[in-house]
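Colleague: Sending over a structure as structure tokens; questions will come in a sec.
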Amino acid sequence: MNITDLRINGDRLKNTLETMAKIGATPGGGVQRLTLSDEDKKARDLFVEWLEELRLKITIDEMGNIFGQRGGKNNDLPPVMSGSHIDSQPKGGRFDGILGVMGPLEVMRTLHENNIQTERPVVIVNWTNEEGSRFAPAMVASGVWTGVLDRDWVYQRTDINGKKFVDELERIGYKGKASAKKRPLHAYYEYHIEQGPILQREGKVIGAPKGILCLHWYDIYLEGEANQVGPTPMEGRHDALCAAAEMILKVDHLPEKMGGNMVATVGEIQNAPNSRNIIPDKVHFTVDIRSWDDELALDAWDNLKADFKSIAGRRGCPIRIEETWRVEHSPFAERLVQRVLNTAKELGYPSLRMVSGAGHDASYMNQIAPTSMIFVPSIDGRSHVEVEKTTWEDCEAGANVLLHSILKSASETGD
Ligand code: GLV
Ligand code: MN
Ligand code: MN
């Protein structure tokens, strides 16, 4: 068979995704597989079982990252790597992340059953805690692996119940022995759903992002004065939740104030004591700012921070700000972006050059290896929700583009 005629098995990919979607399935049709939870462990165990069936060389590192390597003709050459994440958002979708792990698994299965020997090794990876919704920030394990984040800082991060990342990693049995340390790679491809509306709107099947927006995360802690709501007059109150409410609207107005090319969101809030008849005295909320323009995002933050301080002062609510995490915008390797577009064309899929508004491990991988991504449409642009959906046909198309992009990179003998 001519290698250009090789295709992945769409039915098998669908079955694999459906099997995974049962782990942590939610009544609304989504999944909840929070990082380092029992559901995450169960899905990892199944993933490792599938890697073993292919007799891949499996490595689990100290961040819980799982690698499966398929040898090439020349194992001294840096490999081609592809992967994403098994963890999900709370009440998340059945495609975010997992498609980018099951996609390369399907590629491996296709290479195996057709006895294809690549020049370079090919490695599949599941990165721990891409989502950052249980333990902030996101993409921490690729962050440590690439040498950008400190392992012990990540180990000490806590969830909302005070549980530590490292303890949960140990509890589920995925604190491996290998050090989480980068190795030379020839190329990194991440396959993912778009998570936005553009491909569907434009009638395209494959998206090739030229890169990912910058991502800035902040945590705001406010203190007020708790009191009985009935007898306490309105004047003289120090209501931490009202201070937060004013601040949250400042976040919502920020992109317009700064002149666009930016999104800003408050997605998480905790209010204490959270009783209808006590004035709130402790509030925590998050701020997420993204843009292609890192400077604009930083200026926006300075502007916002000044507003926060003035609101806190006026309301007599002391404020503490944690500048939790920043990842710069990531322009991908143009050669690999072109490769994705060309491969889509060769396979007959209409494609589009675009930008990724969602964060991905590809952001960190881009700092150490030539990187690009393959997107497929999200129906009605919905993602991080239970109704998240991509057609099986599009899942198959993206996996075929992944297969041939990997094959091209894995056949290169030079740099
Ligand atoms: C990752 O899921 C993100 O927040 O974009
Ligand atoms: Mn994802
Ligand atoms: Mn996500």
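So that you can map any letter, position 14 of the sequence shown is 1484 in the working numbering, and since no number is skipped, the others follow by simple counting.
We put the beta carbon where it would ideally sit given N, CA and C, even for glycine.
1. Could you spell out where the beta strand (DSSP E) holding Thr1529 opens and where it closes?
2. Pull up the DSSP beta-bridge partners for Tyr1691, would you.
3. Does DSSP put Arg1809 in a helix, in a strand, or in coil?
4. By how many angstroms is the C-alpha of Glu1672 removed from the C-alpha of Phe1933?
5. For Ser1821, which beta-bridge partners are listed by DSSP?
6. Does the beta carbon of Asp1557 fall short of 6 Å from some heavy atom of ligand 2?
7. Does the contact criterion of 3 or more C-beta pairs under 8 Å hold for the stretch 1799-1817 versus the stretch 1769-1782?
8. Alpha carbon to alpha carbon, what distance is there between Arg1785 and Ala1713?
9. Below 7 Å CB to CB, which residues in the same chain sit around Ala1803 once its five sequence neighbours on both sides are set aside?
10. According to DSSP, is Ser1612 part of a helix, a strand, or is it coil?
11. What residue ranges within the stretch 1721-1779 form continuous beta strand (DSSP E) runs of no fewer than 3 residues, ordered along the chain?
12. Just the Cα atoms here: how many angstroms apart are Leu1817 and Val1871?
13. By how many angstroms is the C-alpha of Ile1568 removed from the C-alpha of Asp1556?
14. If you measure from the CB of Asp1637, is any heavy atom of ligand 3 nearer than 6 Å?
15. Pull up the CB-CB distance for Ile1594 and Gly1538, whole angstroms please, since I reckon it's below 8 Å.
16. Could you have a look at Lys1874 and say whether DSSP puts it in helix, strand or coil?
17. Starting from Cys1865, follow its DSSP beta bridges and name the residues at the other end.
18. Does the distance between the C-beta of Gly1494 and the nearest non-hydrogen atom of ligand 2 fall short of 6 Å?
19. Asp1831 to Met1609, Cα distance in whole Å?
20. Identify whether Phe1802 lies in helix, strand or coil by the three-state DSSP scheme.
21. Could you round the C-beta distance between Glu1858 and Gly1500 to whole angstroms and report it? I think they count as a contact, below 8 Å.
22. Taking buried to mean at least 16 other C-beta atoms within 10 Å of its own C-beta, is Asn1431 buried or exposed?
23. Return the CA-CA distance between Arg1564 and Glu1519, expressed in angstroms with no decimal places.
24. Relative to the C-alpha of Ser1826, which residue among Ile1676, Arg1641, Gln1587 is closest?
25. Taking a cut-off of 5 Å, which residues have a beta-carbon closer than that to any heavy atom of ligand 2, in chain order?
26. In whole angstroms, what is the alpha-carbon distance linking Gly1646 and Glu1532?
27. Measuring alpha carbon to alpha carbon, tell me which residue in Gly1851, Asp1637, Ala1696, Trp1771 is nearest Pro1686.
28. Is it the case that the Cβ atoms of Val1753 and Ala1710 are separated by a distance below 7 Å?
29. Quick check: is any heavy atom of ligand 3 less than 6 Å from the C-beta of Glu1816?
30. Report whether the distance from the Cβ of Ser1829 to the nearest heavy atom of ligand 1 is below 6 Å.
31. DSSP puts Asn1596 in a beta bridge; with which residues?
32. Give the secondary structure of Arg1604 by DSSP, where H, G and I count as helix, E and B as strand, and everything else as coil.
33. Where do the N-terminal and C-terminal ends of the alpha helix (DSSP H) with Ser1833 fall, by residue?
34. Assuming the contact rule is C-beta atoms closer than 8 Å, Gly1542 and Ala1880 should be a hit. Round their C-beta distance to whole Å, please.
35. Between Trp1862, Pro1801, Ile1838, which has its C-alpha nearest Pro1654's C-alpha?
36. Tell me which residue opens and which closes the beta strand (DSSP E) that Glu1660 is part of.
Modeller: Per the coordinate set shown:
1. If you number the sequence shown from 1, residue 1529 lands on position 59. Unbroken beta strand (DSSP E) run through Thr1529: 1527-1530.
2. Walking along the sequence shown from the start, residue 1691 turns up at place 221. His1754, Arg1790, per the DSSP bridge assignment.
3. Locating residue 1809 in the sequence shown gives position 339, counting from the first residue. In the structure shown, Arg1809 sits in a helix (DSSP, three-state: H, G or I).
4. The requested residue 1933 does not occur in the structure, where the chain is confined to residues 1471 to 1885.
5. Within the sequence shown, numbered from 1, the residue matching residue 1821 stands at position 351. Answer is Ile1676.
6. Numbered from 1 along the sequence shown, position 87 holds the residue referred to as residue 1557. No; taking the cut-off as 6 Å, the Cβ of Asp1557 has no heavy atom of ligand 2 nearer than that.
7. no
8. For the purposes of this step, residue 1713 is taken as residue 243 along the sequence shown, with counting starting at 1. For the purposes of this step, residue 1785 is taken as residue 315 along the sequence shown, with counting starting at 1. As the crow flies, the alpha-carbon of Ala1713 is around 7 Å from that of Arg1785.
9. Position 333 of the sequence shown, counted from the first residue, corresponds to residue 1803. Correct list, in chain order: Pro1840, Thr1841, Ser1842.
10. By 1-based counting over the sequence shown, the position of residue 1612 is 142. Note: Ser1612 maps to helix in three-state DSSP.
11. Segments of the beta strand (DSSP E) lying fully in the stretch 1721-1779: 1733-1735, 1739-1742, 1752-1761.
12. As a working note, residue 1817 is residue 347 in the sequence shown. As a working note, residue 1871 is residue 401 in the sequence shown. Taking the straight line from one Cα to the other gives about 7 Å.
13. Residue numbering aside, residue 1556 sits at position 86 when the sequence shown is read from its first letter. Residue numbering aside, residue 1568 sits at position 98 when the sequence shown is read from its first letter. Going by the sequence as given, residue 1556 is Ile instead of Asp. Taking the straight line joining both Cα atoms gives about 5 Å.
14. Within the sequence shown, the letter at position 167 stands for residue 1637. Answer for Asp1637: no, Cβ out of range of ligand 3.
15. The sequence position of residue 1594 within the sequence shown is 124, counting from 1. The sequence position of residue 1538 within the sequence shown is 68, counting from 1. Between Gly1538 and Ile1594 the Cβ distance is about 5 Å, and since that is below 8 Å, they are a contact.
16. Indexing the sequence shown from 1 puts residue 1874 at position 404. Reading the sequence as shown, one finds His at residue 1874 and not Lys. Under the three-state reduction of DSSP, His1874 is assigned to helix.
17. Looking up residue 1865 in the sequence shown gives position 395. None, per the DSSP bridge assignment.
18. Counting from one through the sequence shown, the residue named residue 1494 turns up at place 24. No, the Cβ of Gly1494 stays beyond 6 Å of every heavy atom of ligand 2.
19. Taking the first residue of the sequence shown as position 1, residue 1831 is located at position 361. Taking the first residue of the sequence shown as position 1, residue 1609 is located at position 139. Each residue's alpha carbon lies about 6 Å from the other.
20. As a position in the sequence shown, residue 1802 is number 332, starting the count at 1. Three-state DSSP puts Phe1802 in coil, outside helix and strand.
21. The count along the sequence shown starts at 1 and reaches residue 1858 at position 388. The count along the sequence shown starts at 1 and reaches residue 1500 at position 30. By a beta-carbon distance limit of 8 Å, Glu1858 contacts Gly1500. Their separation comes to about 7 Å.
22. Not covered by the structure: residue 1431. The range shown for the chain is 1471 to 1885.
23. Residue mapping note: residue 1564 aligns to position 94 of the sequence shown, counting from 1. Residue mapping note: residue 1519 aligns to position 49 of the sequence shown, counting from 1. Note on geometry: alpha-carbon atoms of Arg1564 and Glu1519 lie some 20 Å from one another.
24. Your numbering for residue 1826 matches position 356 in the sequence shown. The shortest C-alpha separation from Ser1826 is found at Ile1676.
25. Asp1566, Gly1567
26. In the sequence shown, residue 1646 corresponds to position 176, counting from 1. In the sequence shown, residue 1532 corresponds to position 62, counting from 1. Using only the alpha carbons, I get a separation of about 5 Å.
27. As a first step, residue 1686 must be located in the sequence shown, where it is residue number 216. Just to set this straight, residue 1686 is His in the shown sequence, not Pro. Measuring from the Cα of His1686, the nearest candidate turns out to be Trp1771.
28. The sequence position of residue 1753 within the sequence shown is 283, counting from 1. The sequence position of residue 1710 within the sequence shown is 240, counting from 1. Yes.
29. Taking the first residue of the sequence shown as 1, we reach residue 1816 at position 346. No; taking the cut-off as 6 Å, the Cβ of Glu1816 has no heavy atom of ligand 3 nearer than that.
30. By one-based count along the sequence shown, residue 1829 stands at place 359. First, the residue type needs correcting, since residue 1829 is Gly and not Ser in the sequence shown. Answer for Gly1829: yes, Cβ within range of ligand 1.
31. In the sequence shown, the residue the question calls residue 1596 occupies position 126. DSSP output for Asn1596 lists Ile1536, Ser1554 as bridge partner(s).
32. For the purposes of this step, residue 1604 is taken as the residue at position 134 of the sequence shown. Here DSSP, grouped into helix, strand and coil, assigns Arg1604 to coil.
33. On the sequence shown, position 363 is the one that residue 1833 refers to. First-last of the alpha helix (DSSP H) with Ser1833: 1832-1835.
34. For this step, residue 1542 is matched to residue 72 along the sequence shown. For this step, residue 1880 is matched to residue 410 along the sequence shown. In this structure Gly1542 is in contact with Ala1880, their Cβ atoms being roughly 7 Å apart against a cut-off of 8 Å.
35. The count along the sequence shown starts at 1 and reaches residue 1654 at position 184. The option with the nearest alpha carbon to Pro1654 is Ile1838.
36. Walking along the sequence shown from the start, residue 1660 turns up at place 190. Counting along the chain, the beta strand (DSSP E) containing Glu1660 begins and ends at 1657-1663.
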